[in-house]
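>
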Ligand SMILES: [Zn+2]
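Residue numbers (this note's numbering): 108 to 550.
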């Protein structure tokens, strides 16, 4: 019998090639070996899950099989927020005594009040490990200089990515406490090869560089890594970032309350790091789950025992594929990245419209620098208008008029409804460093 042929892919692009390319069957077994003892320890020490599972889990040591796992109730953000409000300041989703915890972070507060989150040394170490999948798959390692265009505050943001740079042997350059012009100067002077920031801010920083006569594409950045918004998986936005920086644009998915969940591989696919997370796809209407297909992503993290989430409803809409990727990985792929967040979805004249679909259309127009989506409610009916910023002094009124006509037509094709478009002059719309807020509700 001949030895099985090695899986494809450059070993340098993997954290653990055996793990990342093993059969689905072996992967599920590997997950179980981590899940079962972890659930036992959560049951023993975690008051939040102890209460939540009372009556569901009958065995003192935890659960005995996948069927029992799938009977565990979902965890929601609202429920965690309520627990924290009732048990300030940190809530009761803590498996160990407080003195075991070494990191404090909080959510960005995009929806509601920021939620606080604590990690033990082991849990934080696991966050860092999750980030090494992002770097390895992007070919980032020793010899690279990574610039973090991010204000290092309480939001978890790129903190784990910063710590993980050391793990892969790269030089980490913090860009907190600087405005955009100073960041451009720092880029010129320190010559990084990797830029880490939100997709919106990558475009903003390129704009500021050009305004200061610096060509961002000539700076030597070869990879840009983005999180916080779906932009790096929106084709037109990705192309625009790649053109601006002359670099390969990488999407990284993650959530404060869950961890660093996914990364882009050499084949341009966004993988879920399934050695560290159990993924399920929920059909929100029927309440059924499946291992793949389209629906809401439900995640269980396998290494954040100190403050875990089990069967957590992320609110992210995904299309999961478990077919082996051309890169060799068997980890599931989120086809098209995160398609949208359930709470971002706009219902207009009976049609579901995700802001990311509108963004993909708007970013195709090179003369549009920034945009926003205005939602107006008239007598219970929502109506949409897209406002784009075009430099009319540079492009002239004819280009502006043609852009608006083409934009309306392409929006109608992409969204299936008529959406009005309107132009404003350069520099009038807000720019964003953290999570962009381009949807504005006008009553
Ligand atoms: Zn792949």
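Using N, Cα and C, we set each Cβ at its ideal position, and we do this for glycine too.
The structure presented is a predicted model; accordingly, all values stated were derived computationally and were not measured.
Tell me the start and end of each unbroken beta strand (DSSP E) in the region 417-469 that is at least 3 residues and wholly inside, in chain order.
With a minimum length of 3 residues, the continuous beta strand (DSSP E) runs that stay inside the region 417-469 are 419-428, 453-455, 458-460.
> Could you check the C-alpha separation between residue 263 and residue 515 for me, to the nearest Å?
Taking the first residue of the chain shown as position 1, residue 263 is located at position 156. Taking the first residue of the chain shown as position 1, residue 515 is located at position 408. If I take the Cα positions, the gap works out to 38 Å.
> Please report the Cβ distance between residue 274 and residue 239, rounded to the nearest whole angstrom; I am assuming they are in contact, meaning their Cβ atoms lie under 8 Å.
What you label residue 274 is simply residue 167 of the chain shown in a count that begins at 1. What you label residue 239 is simply residue 132 of the chain shown in a count that begins at 1. Their Cβ separation, rounded to whole angstroms, is 5 Å, which keeps residue 274 and residue 239 in contact under 8 Å.
> State the Cα-Cα distance for the pair residue 426 and residue 463, rounded to the nearest angstrom.
Residue numbering aside, residue 426 sits at position 319 when the chain shown is read from its first letter. Residue numbering aside, residue 463 sits at position 356 when the chain shown is read from its first letter. Spanning the two alpha carbons is a distance of roughly 15 Å.
> What does the Cβ neighbour count give for residue 454, buried or exposed, with the cut at 16 atoms within 10 Å?
Sequence index remark: in the chain shown, residue 454 carries index 347 (1-based). That one is exposed.
> Within its chain, find whatever has a CB closer than 8 Å to the CB of residue 108; leave out the 5 residues flanking it on each side and keep chain order.
Reading the chain shown from its first residue, position 1 is the one you call residue 108. Bear in mind that a pLDDT of 44 at residue 108, under 50, signals an unreliable position, so the number given afterwards is only what the model happens to contain. Same-chain partners within the cutoff: there are none.
> Please indicate yes or no: does the CB of residue 154 lie closer than 7 Å to some heavy atom of ligand 1?
Working through the chain shown from its first residue, we reach residue 154 at position 47. Residue 154 Cβ: outside cutoff for every heavy atom of ligand 1.
> Give the DSSP-derived three-state secondary structure of residue 129 in the structure shown.
Residue mapping note: residue 129 aligns to position 22 of the chain shown, counting from 1. Residue 129: coil per DSSP, three-state reduction.
> For a test of the three-state rule: what should DSSP assign to residue 109, helix, strand or coil?
Here the question's residue 109 lines up with position 2 in the chain shown. In this prediction, residue 109 has a pLDDT of 49, which is less than 50 and means its spatial position is unreliable; nothing more can be read from the coordinates.
> According to DSSP, which residues form a beta bridge with residue 502?
For this step, residue 502 is matched to residue 395 along the chain shown. In the DSSP output, where bridge partners are listed per residue, residue 502 has none listed.
> Taking the alpha carbon of residue 322 as the point to measure from, which residue in 351, 417, 448 has its own alpha carbon closest?
Counted from its first residue, the chain shown places residue 322 at position 215. Minimum Cα distance to residue 322 is reached at 351.
> So what does DSSP say about residue 397, is it helix, strand or coil?
Residue numbering aside, residue 397 sits at position 290 when the chain shown is read from its first letter. It is a strand residue.
> For residue 255 and residue 492, I'd like the C-alpha separation in whole angstroms.
The count along the chain shown starts at 1 and reaches residue 255 at position 148. The count along the chain shown starts at 1 and reaches residue 492 at position 385. One C-alpha to the other measures close to 34 Å.
> Tell me whether residue 376 counts as near ligand 1, meaning its Cβ is closer than 7 Å to at least one heavy atom of that ligand.
Translated into the one-based positions of the chain shown, residue 376 becomes position 269. Yes; taking the cut-off as 7 Å, the Cβ of residue 376 has a heavy atom of ligand 1 nearer than that.
> If you draw a straight line from the C-alpha of residue 127 to the C-alpha of residue 120, how long is it?
Walking along the chain shown from the start, residue 127 turns up at place 20. Walking along the chain shown from the start, residue 120 turns up at place 13. Rounded to whole angstroms, residue 127 to residue 120 spans 11 Å at the Cα level.
> Could you check where the alpha helix (DSSP H) with residue 228 kicks off and where it finishes?
On the chain shown, residue 228 is found 121 positions in, with the first residue counted as 1. Run containing residue 228: 228-244, per the alpha helix (DSSP H) assignment.
> Taking a contact to mean a Cβ-Cβ separation below 8 Å, would you say residue 375 touches residue 368 in this structure?
Sequence index remark: in the chain shown, residue 375 carries index 268 (1-based). Sequence index remark: in the chain shown, residue 368 carries index 261 (1-based). Contact flag unset, no.
> Spatial neighbours of residue 485 within its chain, please: CB distance less than 7 Å, with the 5 preceding and 5 following residues excluded, ordered by chain position.
Position 378 of the chain shown, counting from 1, holds the residue named residue 485. There are no such residues.
> From the DSSP output, which residues share a beta bridge with residue 362?
Looking up residue 362 in the chain shown gives position 255. 366.
> So what does residue 488 bridge to, in DSSP terms?
To locate residue 488, count along the chain shown from 1; it is residue 381. According to DSSP, which records beta bridges pairwise, residue 488 is partnered with 485.
> Suppose you measure from the CA of residue 172 to the CA of residue 383; what does that come to, to the nearest Å?
Walking along the chain shown from the start, residue 172 turns up at place 65. Walking along the chain shown from the start, residue 383 turns up at place 276. Approximately 18 Å, taken between the alpha carbons.
> To which residues of the same chain is residue 302 closer than 6 Å at the C-beta, ignoring the five residues directly before and after it?
Taking the chain shown and counting its residues from 1, the one referred to as residue 302 is at position 195. Closer than 6 Å at the Cβ level, and outside the excluded window around residue 302, lie 254, 328, 331.
> Between the C-alpha atoms of residue 517 and residue 423, what's the straight-line distance to the nearest angstrom?
By one-based count along the chain shown, residue 517 stands at place 410. By one-based count along the chain shown, residue 423 stands at place 316. Using only the alpha carbons, I get a separation of about 25 Å.
> So, under 8 Å CB-CB, residue 437 and residue 134 are touching, yes? Tell me the CB distance rounded to an integer number of Å.
The residue you call residue 437 lines up with position 330 of the chain shown. The residue you call residue 134 lines up with position 27 of the chain shown. Their Cβ separation, rounded to whole angstroms, is 6 Å, which keeps residue 437 and residue 134 in contact under 8 Å.
> For residue 547, is the classification buried or exposed, using 16 other Cβ atoms within 10 angstroms of its Cβ as the cut-off for buried?
Translated into positions along the chain shown, residue 547 becomes position 440. Classification of residue 547: exposed, given that the 10 Å Cβ count is below 16.
> Could you tell me the alpha carbon to alpha carbon distance between residue 387 and residue 150, rounded to whole angstroms?
Position 280 of the chain shown, counting from 1, holds the residue named residue 387. Position 43 of the chain shown, counting from 1, holds the residue named residue 150. Using only the alpha carbons, I get a separation of about 22 Å.
> Whether or not the region 226-244 and the region 278-295 are in contact is what I'm after, with contact meaning three or more pairs of Cβ atoms, one per stretch, closer than 8 Å; do they touch?
With the cut-off at 8 Å, the region 278-295 and the region 226-244 do not touch.
> Report the residue from 461, 470, 499 whose alpha carbon sits nearest the alpha carbon of residue 524.
Residue mapping note: residue 524 aligns to position 417 of the chain shown, counting from 1. Comparing Cα-Cα distances from residue 524 to each of 461, 470, 499, the minimum goes to 461.
> Decide if the region 466-481 is in contact with the region 492-506; the criterion is three or more beta carbon pairs, one per stretch, under 8 Å apart.
Output reads yes: the region 492-506 touches the region 466-481.
> Near residue 287, what residues of its chain come up, given a Cβ to Cβ distance below 7 Å and the 5 sequence neighbours on each side ignored?
As a first step, residue 287 is located in the chain shown; it is residue number 180 there, counting from the start. Only 311, 312, 315 meet the Cβ criterion.
> I need the straight-line Cα distance from residue 390 to residue 403, nearest angstrom please.
Position 283 of the chain shown, counted from the first residue, corresponds to residue 390. Position 296 of the chain shown, counted from the first residue, corresponds to residue 403. Approximately 7 Å between the Cα atoms of the pair.
> In angstroms with no decimal places, state the Cα-to-Cα distance between residue 132 and residue 267.
If you number the chain shown from 1, residue 132 lands on position 25. If you number the chain shown from 1, residue 267 lands on position 160. When rounded, the distance between both Cα atoms is 30 Å.
> Compute the beta-carbon to beta-carbon distance between residue 419 and residue 202, rounded to the nearest angstrom, for a pair I have assumed lies under 8 Å.
Numbered from 1 along the chain shown, position 312 holds the residue referred to as residue 419. Numbered from 1 along the chain shown, position 95 holds the residue referred to as residue 202. The pair is not a contact, with the Cβ atoms about 15 Å apart (cut-off 8 Å).
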